[in-house]
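Below is one structure, written out as structure tokens, with a few remarks after it.
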Amino acid sequence: MKFSNWQELKDACMGCQNCPLGATRTNLVFGTGNENAEVLFVGEGPGENEDLQGEPFVGRGGKLLDKYLEAIDLSRDKNIYIANMVKCRPPHNRDPKPEEQEECIKWLREQFRLLRPKIIVCLGRISAQKLISPDFKVTKQHGEFFEKGGVLMMGTFHPAALLRNPNQKPAALEDFIKLRDKIEEVCDHTYDV
Ligand code: URA
Numbered sequence: 000m001k002f003s004n005w006q007e008l009k010d011a012c013m014g015c016q017n018c019p020l021g022a023t024r025t026n027l028v029f030g031t032g033n034e035n036a037e038v039l040f041v042g043e044g045p046g047e048n049e050d051l052q053g054e055p056f057v058g059r060g061g062k063l064l065d066k067y068l069e070a071i072d073l074s075r076d077k078n079i080y081i082a083n084m085v086k087c088r089p090p091h092n093r094d095p096k097p098e099e100q101e102e103c104i105k106w107l108r109e110q111f112r113l114l115r116p117k118i119i120v121c122l123g124r125i126s127a128q129k130l131i132s133p134d135f136k137v138t139k140q141h142g143e144f145f146e147k148g149g150v151l152m153m154g155t156f157h158p159a160a161l162l163r164n165p166n167q168k169p170a171a172l173e174d175f176i177k178l179r180d181k182i183e184e185v186c187d188h189t190y191d192v
């Protein structure tokens with residue numbers, strides 16, 4: 000797969016039936032945001048609301064995520080891109096299976112190839128373990144930056160985990176403040192818009 004623009008990639012992805020999750024989805028959730036963003040956020044996979052609306056992070060967790068983004072002058076409508084490890088909802092919100100992730104990461108790789116982000120933020124364990132390191136521990140390593148192939152990667156708490164454990168919210172805010180500092184250090188235009 001090699002796509003030269005976002006529309007071609009999106010058109011191909013929207014019809015995907017490469018794993019069993021395609022058969023049970025209402026909508027595929029491709030991703031959203033600025034297609035020239037320097038910062039890419041990667042979640043786990045669509046939940047019920049996302050499956051119904053075809054947009055990532057539109058439920059309660061998404062509203063919370065938007066607050067953290069706003070705190071450091073980021074917005075999905077303006078200067079970041081948001082995607083998920085898997086594009087179709089796993090039944091009953093179970094974790095995506097390794098083979099589903101392996102299949103679907105091909106689409107994420109193409110998104111990455113078109114975007115060429117400087118920073119990737121992994122929201123939660125599933126994306127951090129797949130993209131940063133298989134033994135990544137969110138509670139221990141959140142907010143740390145790792146360099147991989149010229150891209151800076153950071154893992155932080157999944158918004159749904161913050162809704163379950165509000166005591167982790169101050170630590171999550173610190174991660175976002177570290178992210179803002181890193182953006183100011185390495186990005187060219189994220190804060191220009
Ligand atoms: N959780 C995720 O990881 N991604 C979404 O898009 C929604 C909820």
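Residue numbers for the sequence shown follow numbering that gives the first Met the number 0, beginning at 0 and rising by one. Using N, Cα and C, we set each Cβ at its ideal position, and we do this for glycine too. Model, not experiment: these values are computed from the prediction.
Asked: Tell me the rounded alpha-carbon separation between His188 and Glu37.; Found: 8 angstroms
Asked: Any idea what DSSP makes of Ala199, helix, strand or coil?; Found: For the chain, the structure presents residues 0 to 192; residue 199 sits outside this window and is missing.
Asked: Between Pro158 and Gly61, how many whole angstroms is the CB-CB distance? I'm expecting something under 8 angstroms.; Found: 7 angstroms
Asked: Quick one: what's Thr31 bridged to in DSSP?; Found: Ile81
Asked: Where does Val41 fall in DSSP's three states?; Found: strand
Asked: For Pro55, which option in Leu8, Trp5, Phe29 has the closest C-alpha, if you only look at C-alpha atoms?; Found: Phe29
Asked: If I'm right that Leu113 touches Phe40 with Cβ under 8 angstroms, what's the distance once you round it to whole angstroms?; Found: Contact flag wrong, Cβ pair sits at about 16 angstroms.
Asked: Counting pairs of beta carbons, one from the segment 147-155 and one from the segment 117-136, are three or more of them closer than 8 angstroms?; Found: yes
Asked: For Asn83, count neighbouring Cβ atoms within 10 angstroms of its own Cβ and tell me buried if that reaches 16, exposed if not.; Found: buried
Asked: With distances taken Cα to Cα, identify the nearest neighbour of Pro90 among Gln140, Thr25, Glu102, Val185.; Found: Thr25
Asked: Which same chain residues end up closer than 7 angstroms to His141 when comparing Cβ atoms and leaving out the 5 residues on each side of it in sequence?; Found: Gly154, Thr155, Phe156, Ala170, Asp174
Asked: Consult DSSP for Met0 and reduce its assignment to one of helix, strand or coil.; Found: coil
Asked: State buried or exposed for Gln100, treating a residue as buried only when at least 16 other CB atoms are found within 10 Å of its CB.; Found: buried
Asked: For Pro133, does the count of other Cβ atoms within 10 angstroms reach 16, so buried, or fall short, so exposed?; Found: exposed
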